Every structure is written in structure tokens, then in C-alpha cells.
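Count along the sequence shown starting at 1, add 71, and that's the number in the working numbering.
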Amino acid sequence: MPAEVRVRVKSFLEFLRERVNTKDWNLWFGTLRFDGVDEERKIVHLVVGNLFVREWIVRKYGRVIKRAVENYYGHGYDFVVDFENLGEDERKPGPLVRKKPLILSTLNPNFTFENFIVGEENRLIYSASLEVAENPGIYNPFIITGGVGLGKTHLMQAIGRRMMENNPDVKVLYITSETFMNEMIEALKDESMHRFREKLRKKLDVLLLDDVQFLMDKRWLQNELFHTINELMNMGKQIVICSDRNVKELRGFHERLISRFQMGLNLSIKPPSYETRRRIVMKFAGDHSVVLTNEMVDYIAKNITGNVRRLKGAILRLCVSQETDGTLNFQKMVDLISDLLDPLPRCGADVDLITKISRVLKVDPNLLTSGSRKRELNLLRMIGIYFCVRNLNIPVNEVAQLFKRSRTSILYTLNKVESMKNDFEVRSILSKLEEDFTGEIGGFAG
72 MPAEVRVRVK SFLEFLRERV NTKDWNLWFG TLRFDGVDEE RKIVHLVVGN
122 LFVREWIVRK YGRVIKRAVE NYYGHGYDFV VDFENLGEDE RKPGPLVRKK
172 PLILSTLNPN FTFENFIVGE ENRLIYSASL EVAENPGIYN PFIITGGVGL
222 GKTHLMQAIG RRMMENNPDV KVLYITSETF MNEMIEALKD ESMHRFREKL
272 RKKLDVLLLD DVQFLMDKRW LQNELFHTIN ELMNMGKQIV ICSDRNVKEL
322 RGFHERLISR FQMGLNLSIK PPSYETRRRI VMKFAGDHSV VLTNEMVDYI
372 AKNITGNVRR LKGAILRLCV SQETDGTLNF QKMVDLISDL LDPLPRCGAD
422 VDLITKISRV LKVDPNLLTS GSRKRELNLL RMIGIYFCVR NLNIPVNEVA
472 QLFKRSRTSI LYTLNKVESM KNDFEVRSIL SKLEEDFTGE IGGFAG
């Protein structure tokens, strides 16, 4: 390397070091080296020891590196960080051999503590998960239970990722119970159980086992898991387990395995509250550049209540629509995500519903569907129509049939009431309907 280039590289690295936390530099930048400049493409090539280190450095210090590159190589220059898996043989003198990407873990890069929306209902389990990540062994085993799509796997993988950030040498294994079974079956077929056990018991520091309920009534698998847990715990290794049901509800499990689970910390993740759902919707929409009005956010948060995956699925669907068509309005949103909304007891478009609405509004049911244009009655009818579509998720065509109106009339009514929502009288009537129906059909209002 020419002397001039060496001087520039040295200055470049010193510039970086001055702007990186000392602890981070010592822990993460030890393998960083300069690997040349592509002048034609204006790219500075850097190399680090492995894939995980690359991900961490780029995520946390990408802007700092970019600034250093432009400072020493010119405006418009960018950088690329490559990685090499250096084995024992490659540490000996001789040319470096570039290897295939090193898969350190099957952890989802999006499942971090920073990306988990914390609500009051889940503050305890979030704090405990963070404590496990920062102080392995403090709660062992750590059992996370809860319904489908609430964030169990997110928290579990966030624990593993934080441990790897704190110590790049830590060996984390995330594995589902089904994969555990499949790998054990293969090991039995190949007569290689010793390798299977070595992988799970000797070659890792942290075991993240997902969907443990899959092992119900599979005693032979439970027996292997019991001995694996015992050995790991005896060596002080951290174990985190997820289940979609409470430990007490794990039927068909060895009592000794249940006892092992119960000796650790068992916490349940709760469905997100209305406020938490709103924050999830806003964050996920922001991440995908989906433009939503407050009314749209409220509607999604009120009507997709028990499953974070469905909330995210709704936003992804809106994202695709917005990218394709360029615009997104309320009615289009409702049509796009209607199949993802919570099912409501079919208080649907029938005479019973008219009776219930009439009772709340204190008006004759026949008048509500009549052609009368009296101002007070017409206002109540319009609010009733709006409530059926916006809050009860009843399709426009059904509401039109119910109120004996045309589809065009229903759409006009929706826009009209929308423009009147700041009116005190309109808000009061809508609130009354929401309060009354929340008690009867399960709380769509959040």
C-alpha cells in the first residue's frame, strides 16, 4: 500500500475512533480493516470479522462511517462493509480466504427491544425480558406465555439479539419445538444423537425454544428436552421458552418437566390495549410510509384488537395499495382490510339491530327507516347509518338495505356525518351508541 494511502487510511480510522464509544470500539471494531476504494463507483470497502458484527456496526454507526468516508474520500462517496469468518487456520500467517456468509443465528433482525411497543399491560414482561438479556441467569428458565400473534417470539428473539450485542462471542440458538423434533428424528435415523446433543448442550450459551406446546403428548421428545434443560442449567446457560398456553395448561407433559418450567419465572404477555394498538399502527405505518389520518388509525386500533400480526398485516395491505394507486381514503381502507377486522356477534344488518339503535336513540324503529325528512329524525338516522358502517363494520350494501336507502345515499351520509363529527350534538349521540353497544357486543370502541 503506497505511503500516501496508508496515511489517509490511518487518519480515516482515527477519525472514526474519536467518534465511537470506547467500549463499542474495543468490543466491535477490533476486526475492522480497510479493504480498498472503488474510485469509479465511489465506494470505500471495509471488512469485519463476521455477519453479526457487520449488522451491528452499520446499524449503530452507519452515519458516522458515512461522514468519515465523505470527509476523507470526497462528497458522494459511500461505503460497503463486508465480512469474513476467520477460523483458527485462517488466523495463521498467509492470505485471507473469503468465506460464505456466516449464519450466526436465525434471529429476525426486526425483533429488537427498540421495535417492541410497550404498553402498561406488558410493561412487566418487557422489563423482565430486558433484565434476562442484560443479566443472563437471573431468571432461569424464563417462560413467556400468551396467545397467538401477541409478541412472544419478538421478545424472545430480542433477548437473544441483545445478548449478542453485549457479547459478540455468545452462542445463541433459536429453535422451534417442531424443528427440535425434526432434528432429533434425523439424528435417530443417522445414529448421530451424540452430535444432536452436543449442538444443544455443549455448543451454545443461550437456548431460545419456541412453541413448546408442540411437544404435548410427545413423551420421548419431552424426555430429551428435560435432560437438555438440566445440563444447560447445571452449566449456568440461559434458557428462554415460549408457549401459547399457561404452563398449568400444558396437558400431556411429564410432571418433572412442568416442575422445571415452574421453578423459573413465568410471565404472560397480554393483548395490547387500545392505546398500545394505536401506537403499533402509527409506528408500523410510519415504517412503511403509509399515510393514515387519525380517524383511520382509530378505526384500525378499535377493530383489530387481539392480534398484533393482524394489525401489521392490515398496514402491509394498505402499503401495497398506496404504492400501487397513490391514494388511500377511509372507505378504500375499510374495504381493503375488512376480512382482518374482529368478527362481531351478528347483531348485523337485521331488524334486531334497528331495534337496538332505536332504543338507544329513543326513536320509533319504523321512523328510523322511514322517508321522513324532519331535521332531528334525519340527523339520528344519519348517525345510525354512520355508526353501522364505521363502528360495526357492516358492509355499505347491507346498511343500505337495512335503512331502505340507496348505496349512493349511504355514501353521502358517511361523508356528511364525517364533516359534522366536531359538532357537540353529533359527538354526544355517537358516544352514547358506543357506550351502549360496547356492553352488548364486546367492546369495539377499545
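C-beta atoms are modelled at their ideal positions from N, C-alpha and C, and glycine is treated no differently. Just so you know, these numbers come straight off a predicted model, no measurement behind them.
Evaluate the contact criterion for the region 196 to 207 versus the region 357 to 365: three or more CB pairs, one atom per stretch, below 8 Å. no
Taking all protein chains shown into account, decide if Ala204 is buried (16 or more other Cβ within 10 angstroms of its Cβ) or exposed. One-based indexing of the sequence shown puts residue 204 at position 133. With 16 or more Cβ atoms within 10 Å of its Cβ, Ala204 is classed as buried.
Closest Cα partner of Tyr457 within the set Leu501, Asp149, Thr479: Locating residue 457 in the sequence shown gives position 386, counting from the first residue. When each option's Cα is compared against that of Tyr457, the closest is Leu501.
Give the straight-line distance between the Cα atoms of Thr183 and Met234, rounded to the nearest whole angstrom. Here residue 183 is taken as the residue at index 112 of the sequence shown, counted from 1. Here residue 234 is taken as the residue at index 163 of the sequence shown, counted from 1. Cα-Cα distance, rounded: 11 Å.
Please specify which runs of the alpha helix (DSSP H), each continuous and at least 4 residues long, are wholly inside the region 290 to 373, giving them in chain order. 290 to 305, 326 to 333, 345 to 358
DSSP on Ile375, reduced to helix/strand/coil? Translated into positions along the sequence shown, residue 375 becomes position 304. Residue state, collapsed to three classes: coil.
Suppose the cutoff is 7 Å on Cβ atoms and the five residues either side in sequence are ignored; what does the same chain contact list for Pro164 look like? Residue mapping note: residue 164 aligns to position 93 of the sequence shown, counting from 1. For Pro164, the pLDDT reaches just 37, beneath the cut-off of 50, and the residue's location in the model is therefore unreliable, leaving the point undetermined.
Where does Ile456 fall in DSSP's three states? For this step, residue 456 is matched to residue 385 along the sequence shown. The answer is helix: DSSP assigns Ile456 an H, G or I state.
Would DSSP call Ile256 helix, strand or coil? Translated into the one-based positions of the sequence shown, residue 256 becomes position 185. If DSSP states are grouped into helix, strand and coil, Ile256 belongs with the helices.
Please state if the CB of Phe251 and the CB of Leu275 are separated by a distance shorter than 8 Å. Numbered from its first residue, the sequence shown carries residue 275 at position 204. Numbered from its first residue, the sequence shown carries residue 251 at position 180. Not in contact: Leu275 and Phe251 (Cβ atoms no closer than 8 Å).
Please classify His265 as buried or exposed, where buried requires at least 16 neighbouring CB atoms within 10 angstroms. Here the question's residue 265 lines up with position 194 in the sequence shown. Exposed: under 16 other Cβ atoms inside 10 Å.
Here's the rule: buried if 16 or more other CB atoms are within 10 angstroms of the residue's CB, otherwise exposed. What is Met334? For this step, residue 334 is matched to residue 263 along the sequence shown. Burial call: exposed.
Is it right to say Lys223 is buried, meaning 16 or more other beta carbons lie within 10 angstroms of its own, or is it exposed? By 1-based counting over the sequence shown, the position of residue 223 is 152. Lys223 should be labelled buried.
In this structure, does DSSP put Leu271 in helix, strand or coil? Start at 1 with the first residue of the sequence shown, and residue 271 comes out as number 200. Residue state, collapsed to three classes: helix.
Are there three or more Cβ pairs, one per stretch, closer than 8 Å when the region 420 to 440 is compared with the region 401 to 410? no
Would Glu505 pass as a contact of Thr347 if the rule is Cβ separation under 8 Å? One-based indexing of the sequence shown puts residue 505 at position 434. One-based indexing of the sequence shown puts residue 347 at position 276. No, these two residues do not count as a Cβ contact at 8 Å.
From the DSSP output, in three-state form, read off Arg444 for me. Within the sequence shown, the letter at position 373 stands for residue 444. Looking at Arg444 - three-state DSSP - the assignment turns out to be coil, as it is neither helix nor strand.
Extent of the continuous alpha helix (DSSP H) run through Val91: If you number the sequence shown from 1, residue 91 lands on position 20. Element bounds for Val91: n/a, residue is neither H nor E.
Quick one: grab the DSSP three-state call for Ile188. Working through the sequence shown from its first residue, we reach residue 188 at position 117. Reduced to three states, the DSSP call for Ile188 is coil.
CA nearest to the CA of Leu292, picked from Phe324, Gly307, Val318: By one-based count along the sequence shown, residue 292 stands at place 221. Cα-wise, what sits closest to Leu292 is Phe324.
Val115 - containing beta strand (DSSP E), residue span: Reading the sequence shown from its first residue, position 44 is the one you call residue 115. Val115 -> beta strand (DSSP E) spans 114 to 119.
If you run the structure through DSSP and keep just helix, strand and coil, what is Leu278? Your numbering for residue 278 matches position 207 in the sequence shown. In the structure shown, Leu278 sits in a strand (DSSP, three-state: E or B).
Should the region 116 to 130 be regarded as contacting the region 141 to 149, the criterion being three or more beta carbon pairs within less than 8 Å? no
Classify His225 as buried or exposed, calling it buried when 16 or more other Cβ atoms lie within 10 Å of its own Cβ. Working through the sequence shown from its first residue, we reach residue 225 at position 154. Burial call: buried.
Count the other CB atoms, across all protein chains shown, that sit within 10 Å of the CB of Ser443; report buried if there are 16 or more and exposed otherwise. As a first step, residue 443 is located in the sequence shown; it is residue number 372 there, counting from the start. Exposed is the call here.
Would you call the region 424 to 431 and the region 365 to 379 touching, i.e. three or more CB-CB distances under 8 Å? no
Whole angstroms is fine: what's the gap from Pro343's alpha carbon to Asp315's? Translated into positions along the sequence shown, residue 343 becomes position 272. Translated into positions along the sequence shown, residue 315 becomes position 244. So the alpha carbons of these two residues sit roughly 16 Å apart.
State the CB to CB distance for the pair Ile329 and Val311, rounded to an integer number of angstroms; the pair is presumed to be in contact (CB under 8 Å). Position 258 of the sequence shown holds residue 329. Position 240 of the sequence shown holds residue 311. Going by Cβ atoms, the distance from Ile329 to Val311 rounds to 17 Å, so no, they are not a contact pair.
So for Arg498, helix, strand or coil by DSSP? Residue numbering aside, residue 498 sits at position 427 when the sequence shown is read from its first letter. It is helical.
Would you tell me roughly how many angstroms separate the C-alpha atoms of Lys171 and Pro180, rounded to the nearest one? For the purposes of this step, residue 171 is identified with residue 100 of the sequence shown, where counting begins at 1. For the purposes of this step, residue 180 is identified with residue 109 of the sequence shown, where counting begins at 1. Reliability fails at Lys171, whose pLDDT of 32 lies under 50, so the model's placement of it is uncertain and no value is given.
Below 8 Å between beta carbons: does that hold for Thr220 and Arg381? Indexing the sequence shown from 1 puts residue 220 at position 149. Indexing the sequence shown from 1 puts residue 381 at position 310. Residue identity check: residue 220 is Gly in the sequence provided, not Thr. Contact flag set, yes.
Look up Tyr245 in the DSSP assignment and give the residues it is bridged to. Stepping through the sequence shown from its first residue, residue 245 is reached at position 174. Tyr245 pairs with Leu279.
Opposing strand residues paired with Asp507 [DSSP bridges]: By one-based count along the sequence shown, residue 507 stands at place 436. The partner list for Asp507 (beta bridge, DSSP) is empty, contrary to what the question assumes.
Whole-angstrom distance between Glu496 and Thr376, CA atom to CA atom: Looking up residue 376 in the sequence shown gives position 305. Looking up residue 496 in the sequence shown gives position 425. When rounded, the distance between both Cα atoms is 28 Å.
Measuring alpha carbon to alpha carbon, tell me which of Ala471, Leu473, Leu451, Arg478 ends up nearest Ser499. Residue 499 sits at position 428 when you count from the first residue of the sequence shown. For the residues Ala471, Leu473, Leu451, Arg478, the minimum Cα distance to Ser499 belongs to Leu451.
Buried or exposed for Asn437, going by 16 or more other Cβ atoms inside 10 Å? Position 366 of the sequence shown, counting from 1, holds the residue named residue 437. Label assigned to Asn437: exposed.
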